[in-house]
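Below is one structure, written out as C-alpha cells, with a few remarks after it.
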Amino acid sequence: FNAVISGATGIIYFPQRIGGGFLYDNMNDQVEAEMKSVNARLARIGPALMSQRDPSTAGITVSGSLKATWRRYNGKTYFIVLNNSTSSVTSTMTTKGVSASSASVDGESRSVAIRSGQITDTFKPMEAHVYVV
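Heads up, the numbering used here is the position in the sequence shown plus 20, with the first residue counted as 1.
As C-alpha cells, then:
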C-alpha cells in the first residue's frame, strides 16, 4: 500500500530478507499468505486505483505516521490510508468532497462514521484501511 499511495500502477513482490543477512528467497507460509491477502485487496479496488490519482474533487488529510491517497471511480470515493509505522495509531482524518455519514471499510466487514467530514479510526502497525464512500 505504500507503493500505491506513492503512485504505483503495478506491483511486483520480492520476498527477500534484507536485515539479519541477505536472503534472496525468503518465501515461507506467512509471507505467501500476506502476499495473497494484499494482492486480493488490491485486485478488488484495482479499477479505482487505475483512475486519476488524488483528484481535486475529493481528499483526505492525515497526520503523523499515516499516509493517504484517494480516487473517484464509478460514483464512489476511495480513501486509502496506511499507518506507516510499527506502532498502533488512532487518528482523526478530515475528508473533502463527500457528504455521506459513513464509509464502508473494504475487506473488513465494518463501516466507520463520517462526522462533520471526519473519520476517526485505529490502525495496527503497518495496517492499511480502504474507506469506500
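By construction, the Cβ of each residue, glycine as well, lies at the ideal position given by its N, Cα and C atoms.
Predicted model only: the values in this text are computed from it and were never measured.
Proximity to Phe-143 across Lys-56, Lys-87, Gln-72 peaks at Lys-87, based on C-alpha coordinates.
Counted as a single uninterrupted DSSP element, the stretch harbouring Arg-92 is not any alpha helix (DSSP H) but the beta strand (DSSP E) occupying residues 86-93.
Between Thr-112 and Val-153, the C-beta spacing is not below 9 Å. Pairing Ala-133 with Gln-36, the inter-Cα distance amounts to about 39 Å.
Exclusion of the five residues before and after Gln-72 leaves Arg-91, Arg-92 as the residues of its chain whose Cβ lies within less than 8 Å of its Cβ.
Bridge pairing for Tyr-44: absent [DSSP]. Excluding five sequence positions before and after Gly-137, the CB atoms of its chain that fall closer than 8 Å to its own CB belong to Thr-114, Thr-115, Lys-116, Val-118, given in chain order.
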